[in-house]
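What follows is the structure, encoded as structure tokens:
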């Protein structure tokens, strides 16, 4: 399973270091805890994004397999129809076996087409979830970065900005969970 790379590892280490060694600054501990929560959400969203990316690919492969099967059945049906057409052109009564096969192929083709379309829809649903979770990961990583800026330059406004990014990230995480 493919994991989304976490480019914020050094930032997280720096935040933890600052929190442990400069505990006299009460805001740093708050920022570090907030950043830890962002990291938890980012890791969860990354795991879900990877899962749905893989599932989308698997469903698309299954859909392609069904379309290949559909083509094979269509070719067989066309051969049977050609045989019947040839018999008709030779003024020979078409055999019942060939006519029966044609009808069976038509039913099978309809069922196979339906299955292939279902797999394509399932793939699209997983891909939409993957996109939503991936956006959440990105926003949580930005929130972690904003928290790091707040610690480094001692500006609370960056911490507030990090919360804005995290809230938007939570929205995308929720959209993925709600199947939207």
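In this note's numbering, the protein residues as written are 1 to 180. The beta carbon of each residue, even a glycine, is placed where N, CA and C say it ideally should be. Note that the coordinates shown come from a computational prediction; the quantities given were computed from them, not determined experimentally.
Beta-carbon separation (whole angstroms), residue i vs residue j, contact threshold 8 Å
i, j, result
"residue 71", "residue 119", "In fact, because the Cβ distance is near 15 Å, the residues do not count as touching under 8 Å."
"residue 166", "residue 159", "Contact doesn't hold; Cβ gap of about 10 Å is too wide."
"residue 101", "residue 94", "In fact, because the Cβ distance is near 11 Å, the residues do not count as touching under 8 Å."
"residue 144", "residue 39", "6 Å"
"residue 162", "residue 34", "7 Å"
Residue i versus residue j: straight-line alpha-carbon distance, rounded
i, j, result
"residue 86", "residue 62", "36 Å"
"residue 107", "residue 36", "57 Å"
"residue 79", "residue 52", "41 Å"
"residue 208", "residue 147", "Any property of residue 208 remains undetermined from this structure, which presents the chain solely from 1 to 180."
"residue 114", "residue 152", "57 Å"
"residue 111", "residue 157", "59 Å"
"residue 121", "residue 73", "22 Å"
"residue 10", "residue 32", "13 Å"
"residue 127", "residue 28", "38 Å"
"residue 116", "residue 109", "10 Å"
"residue 154", "residue 30", "12 Å"
Proximal residues to residue i (C-beta, below 8 Å), its chain only, five neighbours per side dropped
i, result
"residue 139", "165, 166, 168, 169, 172"
"residue 81", "102"
Buried versus exposed, by CB contacts within 10 Å (16 or more), residue i
i, result
"residue 23", "Low local confidence applies: a pLDDT of 47 at residue 23 is under 50, so the model's placement there is unreliable, and no value is given."
"residue 68", "exposed"
"residue 174", "exposed"
Beta-carbon contacts of residue i that lie in its chain and below 7 Å, excluding the five residues immediately before and after
i, result
"residue 123", "56, 59, 60, 63"
"residue 49", "4, 130, 133, 134, 137"
"residue 76", "105"
Own chain, CB closer than 6 Å to residue i, minus 5 neighbours either side, in chain order
i, result
"residue 98", "80, 83, 84"
"residue 92", "none"
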